[in-house]
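Protein chains in written order, with the numbering used here: chain A, 25 to 470; chain B, 25 to 470; chain C, 25 to 470. Backbone N, C-alpha and C define an ideal beta-carbon position, used for all residues, glycine too.
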Amino acid sequence: MTRGIARDLYQRVAEAPIISPHGHVPIDWLANDTPFADPAALFVTHDHYVTRLLHASGVSFDDLGLGQGASDPREVWRLLASNWHLFAGTSSGYWLEEELDDLGVAAELCADTADETYDAIAMKLALPEWRPRSLFERFGIDVLATTDDPLDDLAQHVAVADALAGRVLATFRPDRYLDPDAPAFAENVERLLGEAAFPSTFVGYLAALADRRRHFIRHGAVSADHGVEEPLTIDLESARAEQLFQSVLRGRASSEEKRLFRGHMLFQMARMSVEDGLVMTVHAGVLRNHSTSTLRTYGPDTGHDIPVPVDFTRGLRPLLEAFGLAPGFHLVLFGIDESVYSRELAPLAGFYPSVYIGAPWWFLDAPDSIGRFRSATTETAGFSRGSGFIDDTRAFLSIPARHDMARRADSAFLARLVVEGRIRAQQAERIADDLVGPLPRRVFKL
Amino acid sequence: MTRGIARDLYQRVAEAPIISPHGHVPIDWLANDTPFADPAALFVTHDHYVTRLLHASGVSFDDLGLGQGASDPREVWRLLASNWHLFAGTSSGYWLEEELDDLGVAAELCADTADETYDAIAMKLALPEWRPRSLFERFGIDVLATTDDPLDDLAQHVAVADALAGRVLATFRPDRYLDPDAPAFAENVERLLGEAAFPSTFVGYLAALADRRRHFIRHGAVSADHGVEEPLTIDLESARAEQLFQSVLRGRASSEEKRLFRGHMLFQMARMSVEDGLVMTVHAGVLRNHSTSTLRTYGPDTGHDIPVPVDFTRGLRPLLEAFGLAPGFHLVLFGIDESVYSRELAPLAGFYPSVYIGAPWWFLDAPDSIGRFRSATTETAGFSRGSGFIDDTRAFLSIPARHDMARRADSAFLARLVVEGRIRAQQAERIADDLVGPLPRRVFKL
Amino acid sequence: MTRGIARDLYQRVAEAPIISPHGHVPIDWLANDTPFADPAALFVTHDHYVTRLLHASGVSFDDLGLGQGASDPREVWRLLASNWHLFAGTSSGYWLEEELDDLGVAAELCADTADETYDAIAMKLALPEWRPRSLFERFGIDVLATTDDPLDDLAQHVAVADALAGRVLATFRPDRYLDPDAPAFAENVERLLGEAAFPSTFVGYLAALADRRRHFIRHGAVSADHGVEEPLTIDLESARAEQLFQSVLRGRASSEEKRLFRGHMLFQMARMSVEDGLVMTVHAGVLRNHSTSTLRTYGPDTGHDIPVPVDFTRGLRPLLEAFGLAPGFHLVLFGIDESVYSRELAPLAGFYPSVYIGAPWWFLDAPDSIGRFRSATTETAGFSRGSGFIDDTRAFLSIPARHDMARRADSAFLARLVVEGRIRAQQAERIADDLVGPLPRRVFKL
């Protein structure tokens with residue numbers, strides 16, 4: 025009975041256009057409409073969800089094409105195929121099977137089918153209908169947000185705007201200009217200031233950031249995204265902020281001073297969002313690059329970003345005291361620490377008009393995890409205080425599979441509430457409809 | 025099959041008398057048998073579960089009648105009705121629908137039905153059978169605990185005792201006399217000491233508290249309740265305690281000293297409970313009044329008390345080292361941090377004869393949350409180490425709906441265990457019976 | 025439908041040999057093949073899962089035979105029988121019912137059946153087929169690991185090796201030689217150094233530990249186990265380590281220095297595991313002996329070890345930076361803080377080839393808990409990064425019941441994934457087969 029209702033709910037929304045207000049698809053794929061290189065590059069080498077689990081199972085990153093040396097894509101694919109059993113039950117496994125199905129690949133991945141599947145995919149990728157722009161249309165993407173450097177001129181976004189029916193939005197992501205521990209922080213800030221000859225003061229620095237935000241807004245951006253290990257916010261007096269700015273710029277700041285600076289800058293970003301209207305999204309609680317030797321050899325985003333506990337209630341209090349009730353301010357909070365769902369996120373979003381609960385993120389973007397998220401947040405905050413689904417992905421081909429999985433998971437959750445007599449079927453239908461379109465449009469001001 | 029067994033279990037207990045050993049119904053409602061004012065005052069304005077979610081969705085507290093100015097109750101009701109979709113899937117939504125059903129209101133709340141439902145409810149509330157005492161009898165309330173100030177003379181409780189078949193118990197709640205950060209702390213302590221001319225020393229202060237506890241006990245109280253942000257307990261030497269007492273009274277204590285004082289007073293409250301037999305309940309882990317500007321404008325209890333992580337294992341250790349094995353001592357622990365269920369609460373209650381696991385509280389008083397609570401605690405501590413359901417509510421009309429929901433949720437959990445072959449049907453029946461009556465009577469010494 | 029698939033999966037693995045790579049069965053039971061004393065000693069007095077819940081319910085440890093004085097086993101059994109209802113829904117209840125069933129005891133435990141069940145069990149225990157070695161064979165145990173003191177000569181393991189078809193492996197457990205707060209730490213270290221006249225320096229101490237590990241390896245051990253309250257690891261310079269070693273040995277170290285020493289020794293144990301190949305298992309996050317008065321009167325392991333939150337991500341980082349990618353290194357992480365499943369354990373094990381997610385441990389070794397564990401880890405790390413089931417028990421007779429319960433729980437989880445279309449039936453079968461044999465053999469190098 026539950027499954028029947030779930031199926032009906034899912035079918036209402038299965039074909040709804042895709043709204044993807046936060047993700048990591050490189051804009052040049054769409055700007056240049058470049059064909060995807062080969063099955064390995066597309067599905068393995070650049071997908072750290074996939075490479076990390078192969079790595080955990082003893083496959084070297086060099087053999088997967090992440091190293092300096094050349095690697096044969098067919099060999100990389102064979103490594104995936106022969107280790108495919110590792111992905112049973114994982115979200116990566118689910119997505120990839122959906123994508124292969126979409127590519128017309130029916131064979132189960134294993135050592136024996138590696139070559140035939142490789143060839144079948146490679147053949148498809150050479151066809152015009154498998155180039156990014158065609159896929160964008162076929163996937164029914166209505167809105168797709170990229171994630172961009174504040175100094176990006178966004179010319180590619182302009183070029184793309186005319187070429188596609190759906191919207192492609194830039195997202196302002198200033199982490200490397202805000203975190204004194206980021207590589208080349210001082211150089212980046214100097215470039216930022218140099219852009220329009222802003223003075224090398226904290227006031228100049230804030231003005232330069234505000235200026236770049238305006239640039240993004242002029243080019244259609246609706247949100248600014250912030251990745252932080254700790255969701256700490258601090259309101260510092262301007263003299264102290266100026267002093268800290270000079271210290272971090274000169275590399276003289278202590279760890280604690282750098283922490284204060286980061287906390288103050290998150291606070292300042294909220295202030296700017298209140299002023300210029302960009303939706304503020306915070307992805308918190310991940311310790312990046314846990315394995316230093318892996319970072320050195322293979323770079324960042326290679327599968328060893330590991331979550332830590334977060335404290336939104338106390339960490340965000342200064343921000344929310346100052347801006348939590350500001351009209352029009354939208355703050356979407358993402359975390360991987362599930363203990364905050366019922367303890368912090370639902371209560372915060374159930375009071376502050378500005379706060380929205382971010383959809384299950386990263387490791388939690390999966391059917392059971394989505395079920396736990398709904399169970400832990402709905403009884404306190406209902407459905408309207410969530411962000412709607414966000415795929416957060418660089419893996420372009422996985423976008424439909426990800427949205428599809430979320431739609432199925434939400435339909436299953438709603439169906440259970442109907443069967444348990446907690447909502448009526450008609451309510452479930454309205455909510456299902458809302459979640460895939462109107463809700464994310466409201467939250468992201470689309 | 026599970027649903028059938030759950031239904032049978034539920035029907036055994038559906039009509040059992042209500043034991044409500046912890047709640048916030050104002051005693052004067054029962055003492056004066058005042059008719060409820062109007063639908064808005066009854067269901068909206070004073071229910072921070074309801075107002076907070078409307079607030080989060082952009083409805084102002086002024087428009088809901090929380091501000092200084094007058095508000096038209098019908099307009100307030102219209103705001104609820106037109107935003108009723110926000111409550112789908114929430115516990116507040118469930119309770120309110122049950123209450124409306126009880127009031128004979130069949131129409132679904134929405135903008136179109138706002139006026140007719142308002143009128144229908146208002147008409148009912150004017151009838152004698154909808155006054156508090158009649159409802160008390162009709163609800164089948166056997167025991168109802170209020171929460172009271174230590175200096176309350178409890179005269180209203182005496183008056184009520186003769187007027188009702190069930191018992192109405194006062195509860196000793198001394199937070200404002202124990203927490204140096206509470207508003208008017210020093211004045212309150214002076215009033216407490218002045219009551220019977222106790223000396224302004226730590227010893228006098230303890231004697232005054234013990235004296236008021238005796239007053240409560242003489243008037244039938246069975247428990248003392250403590251709301252703390254951090255469940256910290258500390259056993260200080262008497263000289264240090266005296267010194268701290270003088271500091272906090274004079275407003276000279278540092279944050280850390282105030283913290284120590286609070287921790288020592290929670291310890292002292294346990295000592296007194298061991299001596300005088302009052303059941304000690306601790307509600308821990310909520311940061312009160314997160315939004316200072318909301319507190320200033322609308323007062324406390326306006327929906328922005330936000331949970332934080334708790335550490336019962338280490339925080340309560342001094343208390344449990346001293347009193348955990350004391351005969352007759354009962355300590356009921358409530359938290360909103362679900363991560364403590366299996367990690368701390370079930371193991372503590374599975375060893376210390378004094379410790380009971382408080383029923384899911386506040387944001388967690390809801391069907392899925394109750395299911396998670398049972399799942400996380402039962403395998404370690406069984407059913408006998410829980411407190412039994414506690415409604416913790418000020419919303420008098422919601423009492424039956426809340427107990428009903430808990431009974432349904434527990435029946436569903438037990439039914440699943442039966443179907444999975446983990447308990448026999450007869451055991452499930454005995455447990456279901458125990459949970460709604462004998463268990464809370466044992467835990468709360470009723 | 026789910027239940028049918030679960031049953032089929034379970035039946036595939038129900039009779040598979042038992043691999044128990046971590047547990048606490050005393051080797052002398054098998055070395056001497058001593059008959060079990062009586063039903064009370066076997067099922068009650070020495071099982072702290074059982075005694076703790078009776079204790080929580082007001083039964084004294086003296087009456088259960090834990091005190092100094094003599095106790096009549098029949099009286100102890102009567103206490104269990106008359107309180108048997110407390111165990112409904114607990115894992116202890118499940119295991120004991122399975123064991124009684126295996127003993128042919130059909131009557132439900134209660135005051136009325138206490139004597140007849142006692143007699144029935146006692147009669148069985150006197151039979152040769154209920155002695156440890158016969159049971160070992162009948163249970164189908166293929167591998168059983170004990171937990172042993174580093175100075176144990178392991179002669180009993182040698183004796184047992186020839187007497188049983190299955191393997192009995194010693195496990196190196198050095199906690200009391202590594203933790204300056206352990207009772208008699210300095211004396212233990214002196215004995216360790218004295219064993220082969222190692223110098224009383226940090227270098228000598230490390231050499232002595234490495235020497236005892238070699239002794240264990242020569243006698244067939246495959247793993248070293250570490251129980252810590254906090255999973256902290258620190259890489260100290262050798263001069264600092266030497267200095268700390270001298271301080272802790274002389275009892276002059278501060279709490280913080282002892283903490284550093286423990287953290288450095290956990291780091292050193294990983295280094296040795298990398299060198300000598302012993303699988304490193306870490307059981308973290310339990311505050312031992314919460315009730316000091318109980319410890320003094322009844323000793324350790326009496327039911328008041330209470331979990332605390334753990335931080336694997338930051339605590340283990342130094343260890344993983346140094347050894348996480350070392351070939352052949354296996355590190356199995358156990359915790360009772362469920363919040364780390366999706367937040368830390370699955371992401372760590374999904375990247376580091378050395379890290380395996382330990383099966384749900386202690387309070388979490390139960391059907392619902394296993395379900396939550398699978399739900400929280402599988403979507404990120406699949407099935408291959410878990411340790412396989414570990415019974416961790418001293419209760420010899422409960423071994424089959426524990427493995428059986430885990431097999432049922434895993435079958436139920438897999439069946440749900442099949443029904444939800446997330447894995448195919450054939451994959452579920454392969455995974456079910458892998459979990460009970462090949463997987464733990466790979467993880468524990470058997």
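Helix, strand or coil at residue i [DSSP, three-state]
| i | result |
| --- | --- |
| residue 36 (chain B) | helix |
| residue 224 (chain C) | coil |
| residue 427 (chain C) | helix |
| residue 381 (chain C) | strand |
| residue 83 (chain B) | coil |
| residue 338 (chain C) | helix |
| residue 102 (chain B) | helix |
| residue 165 (chain C) | strand |
| residue 304 (chain B) | strand |
| residue 57 (chain C) | coil |
| residue 155 (chain C) | coil |
Own chain residues within Cβ distance below 7 Å of residue i, not counting five before or after
| i | result |
| --- | --- |
| residue 258 (chain B) | 284, 287, 288, 291, 342 |
| residue 339 (chain B) | 254, 255, 256, 257 |
| residue 108 (chain B) | 133, 134 |
Cutoff 8 Å: residue i Cβ touching any chain A Cβ
| i | result |
| --- | --- |
| residue 110 (chain B) | yes |
| residue 140 (chain C) | no |
| residue 32 (chain B) | no |
| residue 399 (chain C) | yes |
From the options, residue whose alpha carbon lies closest to that of residue i
| i | options | result |
| --- | --- | --- |
| residue 394 (chain B) | B:65, B:115, B:61, B:78 | B:115 |
| residue 461 (chain A) | A:38, A:119, A:353 | A:38 |
| residue 312 (chain C) | C:326, C:86, C:302 | C:326 |
| residue 170 (chain C) | C:125, C:182, C:194 | C:194 |
| residue 304 (chain B) | B:429, B:381, B:281, B:276 | B:381 |
Closer than 8 Å to chain C by CB, residue i
| i | result |
| --- | --- |
| residue 360 (chain A) | yes |
| residue 377 (chain B) | yes |
| residue 113 (chain A) | yes |
| residue 422 (chain A) | no |
| residue 371 (chain B) | yes |
Spatial neighbours of residue i in its chain, beta-carbon cut-off 6 Å, leaving aside the 5 residues before and after
| i | result |
| --- | --- |
| residue 168 (chain A) | 44, 192 |
| residue 36 (chain C) | 456 |
| residue 203 (chain B) | 286 |
| residue 440 (chain A) | 26 |
| residue 55 (chain A) | 180, 183, 184 |
Short CB-CB distance (under 8 Å) between residue i and chain B
| i | result |
| --- | --- |
| residue 82 (chain C) | yes |
| residue 374 (chain A) | yes |
| residue 392 (chain C) | yes |
| residue 118 (chain C) | yes |
Residues near residue i by beta carbon distance below 8 Å, same chain, minus five either side
| i | result |
| --- | --- |
| residue 452 (chain A) | 29, 33, 438, 439, 441, 442 |
*Taking only beta carbons into account, state which residues of the stretch 401-417 of chain B come closer than 9 Å to chain C, listed in chain order.*
402, 403, 404, 405, 406, 407, 408, 409
*the stretch 234-251 of chain C: which residues have C-beta closer than 8 Å to a C-beta of chain B, in chain order?*
none
*Select from the stretch 330-355 of chain A all residues with a C-beta closer than 8 Å to any C-beta belonging to chain C, and list them in chain order.*
330, 331, 332, 333
*Of all the residues that make up the stretch 311-326 of chain C, which are near chain B by a beta-carbon distance shorter than 8 Å?*
311, 314, 315, 316, 317, 318
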